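Contents: one structure, followed by commentary.
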Amino acid sequence: MRVLLVALLASWFGMSAQAENENVLTVKDMVELTRYEQVGADRDTVLRGMSITKRIPRGWVDDFSERYLRTIVDDDGVTRHQVLLEMKYVGGWRYYRAATLADGQQLRFKAEERKFSRCSSAFLKCDQREIVTADLSREQLKEAMNKGLAVYFDAKKPGRDTVARFPAAYVLAYLIKLDGDDSVLPAGDGVETSNIVAVNASR
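This note's numbering numbers the first residue of the sequence shown as 1 and each following residue consecutively.
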């Protein structure tokens with residue numbers, strides 16, 4: 001019996017170590033998941049970081065959020081680095097209205113989209129979807145490369161403010177891709193996906 005118990009424990013620890021290894025992304029992995037895409041009717045080129053998704057149970061439904069960094073060229077030809085946050089939820093509009101950094105710096109904010117995304121005939125409930133962006137300077141991104149990034153999105157509805165967090169390694173990978181300089185890739189520097197909640201690496 002003791003031998004069986006030891007064997008079972010060894011097997012469990014082995015599986016745990018394997019699972020832990022599978023939940024680690026290196027900076028190189030994140031560089032590969034940061035891609036240029038052509039979007040919209042004009043097929044504009046956008047650099048988009050990998051998506052980080054999160055689900056928060058709230059009663060019989062879940063809040064769902066997706067966040068990533070992107071770089072676009074706007075209609076005036078200005079290059080903008082942005083945090084994009086998409087929220088799907090039920091229970092009344094939150095009306096996100098402003099964005100700041102952890103130190104209180106106000107960021108240029110834009111509500112990109114606000115609409116019902118899916119309705120359930122069973123409960124006559126509709127998911128609400130808000131997509132918002134906050135602009136960052138290149139200097140702010142460089143600072144976040146060392147300490148990580150947290151952008152606070154303020155909602156008009158009390159208690160529904162949201163923080164979009166990115167580990168330092170994510171920002172580093174993004175800047176490496178933006179500059180096209182893979183030669184500065186660090187060795188190792190794995191980031192556990194548990195630290196960034198969940199990674200959508202399907203793209």
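Here a beta-carbon is modelled for each residue, glycine too, at the ideal position from N, C-alpha and C.
Values in this document were obtained by computation on a predicted structure and should not be read as measured data.
Starting from R138, follow the alpha helix (DSSP H) in both directions and report where the run begins and ends.
Element bounds for R138: 138-147.
Tell me the DSSP secondary structure of V199 in three-state form.
Any answer about V199 is weak, because its pLDDT of 46 lies below 50 and its placement is not dependable; what the coordinates show is given next. Looking at V199 - three-state DSSP - the assignment turns out to be strand.
Rounded separation between L172 and K157 - CA only:
The alpha-carbon atoms of L172 and K157 are separated by roughly 34 Å.
With DSSP collapsed to three states, give me the class of Y68.
In the structure shown, Y68 falls within a strand segment according to DSSP collapsed to helix, strand and coil.
Considering only C-alpha positions, which residue in the set Y68, D62, G77, G180 is nearest to V151?
Taking the Cα of V151 as reference, the smallest distance to any Cα among Y68, D62, G77, G180 is reached at Y68.
Does the beta-carbon of P167 have 16 or more other beta-carbons within 10 angstroms, so that it is buried, or is it exposed?
Buried: at least 16 other Cβ atoms inside 10 Å.
With a cut-off of 8 Å on the beta carbons, I'd call K115 and T133 a contact; round off their distance for me.
That pair is no contact at about 16 Å.
Going by beta carbon distance, what residues of the same chain come within less than 6 Å of Y96, once the five residues before and after it are set aside?
Around Y96: E130, V132, F153, A155.
Going by alpha carbons, who is nearest to G159 out of V90, R48, R94?
Nearest to G159 by C-alpha distance, out of V90, R48, R94, is R94.
Taking G77 as the reference, which of R35, D29, D44, V27 has the closest Cα?
Comparing Cα positions, the closest option is D44.
Tell me, to the nearest whole angstrom, how far the beta carbon of H81 is from that of R138; I am working on the premise that it is less than 8 Å.
Yes, H81 and R138 are in contact; Cβ-Cβ is about 7 Å, under 8 Å.
Is it right to say R48 is buried, meaning 16 or more other beta carbons lie within 10 angstroms of its own, or is it exposed?
Residue environment analysis places R48 among the buried positions, since at least 16 neighbouring C-beta atoms fall within 10 angstroms of its C-beta.
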